[in-house]
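Here the structure is laid out as structure tokens; the discussion comes afterwards.
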Ligand SMILES: Cc1cc2nc3c(=O)[nH]c(=O)nc-3n(C[C@H](O)[C@H](O)[C@H](O)COP(=O)(O)O)c2cc1C
Ligand code: SF4
Ligand code: SF4
Ligand code: FES
């Protein structure tokens with residue numbers, strides 16, 4: 001028997017021969033996970049209540065008369081648990097056989113194929129041959145509204161979707177109708193999930209291909225997707241996401257769990273707002289103005305030209321940055337500005353109604369509909385313009401200072417914008433009427449095409465990794481400006497993202513305590529300085 | 539209107555006044571000694587009532603046979619929040635019709651039992667959950683409750699004792715699973731009738747999240763008698779472990795079907811053949827289900843046993859709620875089992891995979907065998923799927939659904955094989 005703990009706030013039990021000590025009240029499935037044992041499960045989801053109804057997680061406890069559902073049974077001191085004993089394997093094989101009775105086995109046309117709870121567990125623990133010879137029940141599919149389709153025949157009635165809407169979205173739009181083997185999931189009223197900001201999560205929680213996304217329908221096979229950990233760029237919450245791509249195109253965004261930021265969830269606004277990452281009309285090569293015309297040049301020529309121009313004489317600098325830029329990008333521009341003698345920088349951000357997820361209230365679709373407005377503030381950019389993210393450029397438009405526009409396409413700026421500037425540098429993705437006035441145009445990668453960090457509403461610094469290959473000769477802004485800085489000062493150009501991050505300490509002391517590699521997987525909140533005014537509201 | 543069949547060897551304690559319409563009225567009930575037990579109970583106080591009921595050895599008549607006094611003692615002392623007593627009048631087990639008769643003929647007996655039960659566990663509110671299809675019964679009970687309120691037996695300051703107890707009558711919507719104690723609680727609260735995971739047990743977290751005790755109608759009807767005469771008196775009947783009398787509902791191939799009240803431990807063969815008249819003239823007994831469709835079937839040679847919890851368990855079946863279904867040699871066992879299986883398929887709440895899918899699958903296999911398309915492997919499949927259903931779900935419905943299948947395949951294999959062979963022969967000759 002395992003030793004008893006002195007205090008009774010922890011218990012020690014043995015799971016498949018491994019001893020594990022967990023806080024009292026820990027469920028067996030979670031205690032098993034601690035020692036790397038996965039107990040197969042369907043209805044259990046770490047972000048939802050556990051009804052113990054799929055009966056998939058049955059495990060054997062020595063001395064207990066019946067198998068126990070590991071998803072609800074709590075670990076007790078001295079318990080000896082076998083998760084893969086003959087009895088529990090037999091029970092789970094039974095459950096899997098039951099689940100497959102009426103299942104259409106339409107994996108070849110099912111979007112879940114390759115990441116399906118049924119496929120995985122049946123392959124691991126299921127029967128090789130089914131014994132069901134009766135005709136299968138056919139339910140067909142149902143449009144649940146919003147982005148969600150329901151394939152009734154694939155449903156295993158785990159009710160995760162119902163519980164998500166009830167417990168987390170707290171907006172009961174799904175329910176089980178009928179009972180027994182006639183039970184199906186259905187919506188109330190015609191609107192169904194239409195208009196729910198959180199409904200996309202039901203597709204994620206569904207362990208099988210029963211709830212699928214219309215947007216993703218038949219677009220790609222799960223095993224063909226590349227997945228990159230990233231941070232949602234679409235508001236200042238900073239939900240952790242996985243950007244999933246096929247042939248260098250984003251096909252969908254999925255939430256990644258981070259209990260300190262977004263739990264297991266993300267909103268549909270962020271989820272479905274990815275088409276811009278796939279845009280085709282990108283600038284692919286650096287351009288400089290020759291005889292009044294922008295002509296494509298090599299990077300070295302572009303950088304040499306720029307360094308030469310900026311190196312001559314001294315000019316006040318003004319800048320516009322996009323709140324979709326990374327900390328490293330914004331910081332690099334700030335360093336350039338300071339090297340040149342300082343100047344005024346602004347950022348503009350579109351805002352909208354805030355919307356809270358009632359079951360995890362620190363997750364909100366935040367007012368700022370861009371990831372890094374707080375980062376912009378930290379690096380000394382001032383918020384300008386209106387709630388729609390336009391305007392506020394009037395006092396920049398006609399200045400004769402050096403003008404940097406980074407990321408922001410300034411679509412709304414007058415066609416004369418920047419004409420009088422001593423030098424007008426545009427670093428971005430595409431040309432607009434106003435940015436066509438630039439003297440130097442430099443193709444920048446988007447956040448999805450590079451490594452970097454964002455600072456969310458609570459000043460949490462979070463890392464993201466590249467998901468796409470940037471077009472043509474595009475480069476991260478921190479890299480471009482690092483080279484420029486080396487050209488106009490004694491400073492070395494950053495070779496890696498680590499260097500770029502370390503250089504941030506030059507413009508903000510508080511970044512000195514961090515390094516790119518030591519940012520926690522859940523992000524690190526920037527330590528010790530007074531709260532940013534309004535930051536919480538963004 | 540006399541009660542259809544009464545046998546002189548019966549011991550009619552609870553059913554004494556069946557067939558007497560006046561017993562339904564308050565005046566009629568009082569004239570038969572009604573509400574004297576309540577008077578005694580309010581003076582006795584909770585602890586004394588519980589110990590009297592413990593002494594009597596009364597066991598729950600809803601099916602599981604759990605000792606009632608012990609169950610009552612699980613209730614926490616006053617927690618400052620409401621506690622509840624629920625009376626389970628959902629009576630839906632196929633073959634069961636005793637609670638309906640108890641309510642129809644002696645509604646005040648139940649009301650008195652509820653009040654004493656409430657007093658025993660210190661609750662101020664009793665819900666009687668009536669089966670949805672009990673239209674007449676509900677009317678009779680509703681009328682009786684009104685009368686009892688008017689007479690001051692229910693409500694505030696009962697009989698000037700300072701004790702307040704309300705009774706609310708609630709009608710279900712006709713789902714078998716709402717007779718399962720926690721399914722009933724969900725239904726009462728207005729949720730889907732789905733059994734809850736235990737623990738927590740109802741005495742800790744029950745109806746509306748409060749400590750709750752749930753008792754069957756017949757259980758509560760026995761309580762006034764025990765309070766009046768004492769626990770020892772109740773033990774004059776029955777066996778050491780199964781004391782008292784019990785109503786048995788007899789249906790099927792007997793000459794005198796109906797409710798019979800006999801002491802527990804009564805000889806089963808004698809009961810079927812003597813008291814109920816046995817199968818019709820010239821037909822032999824084929825099978826008996828002793829405790830409702832949810833318990834294993836017995837063969838004729840297995841019925842020389844006592845009708846008590848222990849003897850039934852020793853015979854591999856259960857006393858259940860005392861619903862005796864008798865089948866003679868004209869019965870097609872496979873069809874009967876298929877019929878029962880269809881019932882379970884229809885009534886499974888559908889939460890648990892083994893129950894939801896297993897019931898429906900079993901029904902379809904049984905139907906195929908019945909229609910002549912079965913094979914011997916189907917019998918193995920039936921046994922194995924039943925094994926995968928039993929003991930692996932939230933409530934015991936799944937076990938109940940498996941019981942008739944397993945016991946019939948084991949005990950009446952020849953009946954199955956005959957259908958399988960007949961189908962094979964037909965196919966071969968076609
Ligand atoms: C599927 C199922 C159906 C049940 N139906 C009834 C019922 O209709 N009436 C009843 O009294 N008990 C029924 N029970 C038993 C109850 O759960 C519970 O044990 C009983 O009401 C407790 O009362 P008792 O202790 O007085 O027997 C059912 C149990 C199960 C598992
Ligand atoms: S649709 Fe998916 S999540 Fe919902 S009950 Fe069915 S299998 Fe579970
Ligand atoms: S065993 Fe059947 S009836 Fe009971 S909870 Fe599970 S599915 Fe519902
Ligand atoms: S995961 Fe435990 S019963 Fe479903």
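Chains as they are written, first to last, in this note's numbering: chain Z, 1 to 538; chain F, 539 to 968.
Don't be surprised by glycine CBs; every beta carbon is placed ideally from N, CA and C.
Any C-beta of chain F under 8 Å from that of residue 86(Z): On the first chain, residue 86(Z) is found 86 positions in, with the first residue counted as 1. Residue 86(Z) does not count as touching chain F.
Please state the DSSP three-state secondary structure of residue 174(Z). Taking the first chain and counting its residues from 1, one reaches residue 174(Z) at position 174. Strand.
Should residue 932(F) be listed as close to ligand 3, given that the test is whether its C-beta is under 7 Å from any heavy atom? Taking the first residue of the second chain as position 1, residue 932(F) is located at position 394. Checking the Cβ of residue 932(F) against ligand 3 gives yes.
Which partner residues of residue 709(F) appear in the DSSP bridge assignment? Taking the first residue of the second chain as 1, we reach residue 709(F) at position 171. DSSP lists 668(F) as partners of residue 709(F).
Same chain, Cβ closer than 8 Å to residue 469(Z), five either side skipped, listed in chain order: Along the first chain, read from residue 1 onward, the residue named residue 469(Z) stands at position 469. Non-local C-beta neighbours of residue 469(Z) in its own chain, meaning closer than 8 Å and more than five positions away in sequence, comprise 248, 449, ordered along the chain.
Using only the alpha-carbon positions, how far apart do residue 584(F) and residue 695(F) sit? Position 46 of the second chain, counted from the first residue, corresponds to residue 584(F). Position 157 of the second chain, counted from the first residue, corresponds to residue 695(F). CA-CA distance, residue 584(F) to residue 695(F), rounds to 16 Å.
Residue 50(Z) (DSSP reduced to helix, strand or coil): As a first step, residue 50(Z) is located in the first chain; it is residue number 50 there, counting from the start. In this structure, residue 50(Z) counts as coil in the three-state DSSP scheme.
Residues in its own chain within less than 6 Å of residue 718(F) by CB, not counting five upstream and five downstream? For the purposes of this step, residue 718(F) is taken as the residue at position 180 of the second chain. Only 733, 933 meet the Cβ criterion.
In angstroms with no decimal places, state the Cα-to-Cα distance between residue 567(F) and residue 608(F). Position 29 of the second chain, counted from the first residue, corresponds to residue 567(F). Position 70 of the second chain, counted from the first residue, corresponds to residue 608(F). Inter-residue distance for residue 567(F) and residue 608(F) is about 29 Å (C-alpha atoms, whole angstroms).
Residue 138(Z) (DSSP reduced to helix, strand or coil): Within the first chain, residue 138(Z) is the residue found at index 138, counting from 1. Coil at residue 138(Z), not helix or strand.
For residue 113(Z), verify whether its CB is less than 7 Å away from any heavy atom of ligand 2. Along the first chain, read from residue 1 onward, the residue named residue 113(Z) stands at position 113. No, Cβ of residue 113(Z) sits at least 7 Å from all heavy atoms of ligand 2.
Could you work out which residues of chain Z lie near residue 735(F), taking near to mean beta carbons separated by less than 9 Å? Counting from one through the second chain, the residue named residue 735(F) turns up at place 197. Residues of chain Z whose Cβ lies closer than 9 Å to the Cβ of residue 735(F) are, in chain order, 50, 51, 52, 53, 69, 72.
Between the Cα of residue 823(F) and the Cα atoms of 832(F), 833(F), 829(F), 811(F), which residue gives the shortest distance? By one-based count along the second chain, residue 823(F) stands at place 285. That would be 811(F), whose Cα lies nearest to the Cα of residue 823(F).
Quick check: the Cα distance between residue 542(F) and residue 633(F), rounded to an integer number of angstroms? Here residue 542(F) refers to the residue found at position 4 of the second chain. Here residue 633(F) refers to the residue found at position 95 of the second chain. Distance from the CA atom of residue 542(F) to the CA atom of residue 633(F), rounded to whole angstroms, is 17 Å.
Chain F partners of residue 95(Z), CB-CB under 7 Å? Residue numbering aside, residue 95(Z) sits at position 95 when the first chain is read from its first letter. By Cβ distance, chain F contributes 891, 892.
Whose Cβ in chain Z lies nearer than 7 Å to the Cβ of residue 932(F)? Translated into positions along the second chain, residue 932(F) becomes position 394. The answer, in chain order, is 52, 53.
Please report the straight-line C-alpha distance between residue 539(F) and residue 557(F), rounded to a whole angstrom. The count along the second chain starts at 1 and reaches residue 539(F) at position 1. The count along the second chain starts at 1 and reaches residue 557(F) at position 19. Note that residue 539(F) has pLDDT 42, beneath the 50 cutoff, so the model's placement of it is unreliable and no number is given.
At a cut-off of 7 Å, would you count residue 715(F) as near ligand 3, judging by its Cβ distance to the nearest heavy atom? Indexing the second chain from 1 puts residue 715(F) at position 177. Indeed, a heavy atom of ligand 3 lies less than 7 Å from the Cβ.
With 16 other CB atoms within 10 Å as the buried threshold, where does residue 544(Z) fall? The structure shown does not extend to residue 544(Z), since chain Z spans only 1 to 538, so no value can be given for it.
Cutting at 7 Å between CB atoms, please list the residues of its own chain near residue 619(F), excluding the five before and the five after it. Your numbering for residue 619(F) matches position 81 in the second chain. Hits under 7 Å: 748.
Residues in the same chain with beta-carbon distance under 7 Å from residue 710(F), minus the five sequence neighbours each way, listed in chain order, please. Counting from 1 along the second chain, the entry for residue 710(F) is found at position 172. Result list for residue 710(F): 628, 667, 668, 669, 670, 716, 725, in chain order.
Any non-hydrogen atom of ligand 4 within 7 Å of residue 303(Z) CB: The count along the first chain starts at 1 and reaches residue 303(Z) at position 303. Answer for residue 303(Z): no, Cβ out of range of ligand 4.
Under 7 Å Cβ-Cβ, which residues of chain F neighbour residue 157(Z)? Sequence index remark: in the first chain, residue 157(Z) carries index 157 (1-based). Those are 888, 894, listed as they occur along chain F.
Does residue 669(F) get closer than 8 Å to chain Z when you measure Cβ to Cβ? Residue 669(F) sits at position 131 when you count from the first residue of the second chain. No, its Cβ sits nowhere closer than 8 Å to a Cβ of chain Z.
Nearest to residue 487(Z) (by Cα), restricted to the options 306(Z), 408(Z), 397(Z): Residue mapping note: residue 487(Z) aligns to position 487 of the first chain, counting from 1. Ranking 306(Z), 408(Z), 397(Z) by Cα distance to residue 487(Z) puts 306(Z) first.
Can at least three beta-carbon pairs, one atom from the stretch 869–878 of chain F and one from the stretch 945–961 of chain F, be found at a separation below 8 Å? Yes, since at least three Cβ pairs between the stretch 869–878 of chain F and the stretch 945–961 of chain F fall closer than 8 Å, the two stretches touch.
So what's residue 115(Z) in DSSP terms, helix, strand or just coil? The residue given as residue 115(Z) occupies position 115 in the first chain. Reduced to three states, the DSSP call for residue 115(Z) is coil.
Taking DSSP's pairing of strands, which residues face residue 513(Z) in a bridge? In the first chain, the residue the question calls residue 513(Z) occupies position 513. Under DSSP, residue 513(Z) forms no beta bridge with any residue.
Using a cut-off of 9 Å between C-beta atoms, extract the partners of residue 926(F) located in chain Z. As a position in the second chain, residue 926(F) is number 388, starting the count at 1. Going along chain Z in sequence order, the residues near residue 926(F) (Cβ under 9 Å) are 90, 91, 93, 94, 95, 97, 98.
Under a CB-based cut-off of 8 Å, is residue 539(F) close to chain Z? Position 1 of the second chain, counted from the start, is the residue given in the question as residue 539(F). Model confidence at residue 539(F) stands at a pLDDT of 42, short of 50, so the residue's coordinates are unreliable and nothing is read from them.
Check: residue 55(Z) C-beta below 7 Å from any heavy atom of ligand 4: Locating residue 55(Z) in the first chain gives position 55, counting from the first residue. Yes, Cβ of residue 55(Z) sits closer than 7 Å to a heavy atom of ligand 4.
If we count the other Cβ atoms within 10 Å of its Cβ and call it buried at 16 or more, is residue 526(Z) buried or exposed? Locating residue 526(Z) in the first chain gives position 526, where the first residue counts as 1. By the neighbour-count rule (16 or more Cβ atoms within 10 Å), residue 526(Z) is buried.
Does the count of Cβ pairs from the stretch 296–305 of chain Z and the stretch 344–359 of chain Z closer than 8 Å reach three? The stretch 344–359 of chain Z and the stretch 296–305 of chain Z do not touch, with fewer than three beta-carbon pairs separated by less than 8 Å.
Does residue 885(F) have its Cβ less than 8 Å from a Cβ in chain Z? The sequence position of residue 885(F) within the second chain is 347, counting from 1. Any Cβ of chain Z closer than 8 Å to the Cβ of residue 885(F) would place that residue at the interface, and such an atom is present.
Just how far apart, CA to CA, sit residue 19(Z) and residue 582(F)? Reading the first chain from its first residue, position 19 is the one you call residue 19(Z). Reading the second chain from its first residue, position 44 is the one you call residue 582(F). Cα to Cα, the separation comes out at about 54 Å.
Mark residue 683(F) as exposed unless 16 or more other C-beta atoms lie within 10 angstroms of its C-beta, in which case mark it buried. As a first step, residue 683(F) is located in the second chain; it is residue number 145 there, counting from the start. Flag for residue 683(F) reads buried.
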